[in-house]
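J.:
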Amino acid sequence: REIGRLKESELSRVRLREVGFVFQTHNLIDDLTVEENIALPLRLARKPSDPRVPELLAAFDLERLATRRPNEISVGEAQRVAVARALANGPKILLADEPTAALDAKGTTAVIEAFELARTAFRAALIVATHDADVAGIAATRYRLDDGTLTRTG
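Numbering (our numbering), first residue to last: 10 to 163.
#1: Considering only C-alpha positions, which residue in the set 73, 101 and 61 is nearest to residue 93?
#2: Provide the residue span of the beta strand (DSSP E) that contains residue 29, from first to last.
#3: Report the rounded CA-to-CA distance for residue 25 versus residue 54, giving the unit in angstroms.
#4: Just to confirm, is the Cβ distance from residue 66 to residue 44 under 8 Å?
#5: For a quick check, are the C-beta atoms of residue 123 and residue 78 less than 8 Å apart?
#6: Is it buried or exposed, residue 98, if we count other Cβ atoms within 10 angstroms and call 16 or more buried?
#7: By Cβ distance, which residues of its chain are closer than 6 Å to residue 131, with the 5 residues on each side in sequence left out?
#8: Within 7 Å: the Cβ of residue 32 and any heavy atom of the ligand COA?
#9: Please say whether residue 120 and residue 126 have beta carbons closer to each other than 8 Å?
#10: How is the beta strand (DSSP E) around residue 15 delimited, first residue to last?
Below you can see the structure in the form of C-alpha cells.
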C-alpha cells in the first residue's frame, strides 16, 4: 500500500503494527522484565494479552529468562529479546541497524539464528544494515551502499 501520503498518526500506526525495529544496542527498558519488554509493542497497540509472547519466549530460547531484567542477562541474550520484541506485533517487515555491532561471535550467531527464525517461522521480510559478512550471508538479496550509490551485489 502507498504510505507516502499518510498523515503522521497513520504512519505511527503502520510503524507500530507492520514494522519491527532492531537497533545496534538492544534498547530494552531496564525496569521491565524480558517478558514485559517483549510484550511492550502489544501494550502500545492496546492489544490484550497475546499468546504470541510465550511463543516468542520459547522460539528464541528465552523462557528461563522471562522474569529477569535486562541488566541480569548477557548482551547476546538482550539482543535476542530485542528481535523477539520486534516480532511481537507480527510485523511484515523487520528493520535492523547493525544488530551485531556490539556482540561477540557467540552473540552474533544467536542473532543470525534469530533472524533466520524471524524469516522462516514468523514470515517477516528482513532489511538489515550490517558490516558483518556472516549477517549479510543470510540474505537472499544483498545491496551495497558505497559513497551514496546503492548497488545490488547478490
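In this text, a Cβ means the ideal position worked out from N, Cα and C, and glycines have one as well. Keep in mind that this is a model prediction, so the values were computed, not measured.
T.: Quick look at the numbers:
#1: 61
#2: 28-31
#3: 7 Å
#4: yes
#5: no
#6: buried
#7: 96
#8: Absent from the structure shown: the ligand COA. Ligands present: none.
#9: no
#10: That residue, residue 15, is in no beta strand (DSSP E); it is neither H nor E in DSSP.
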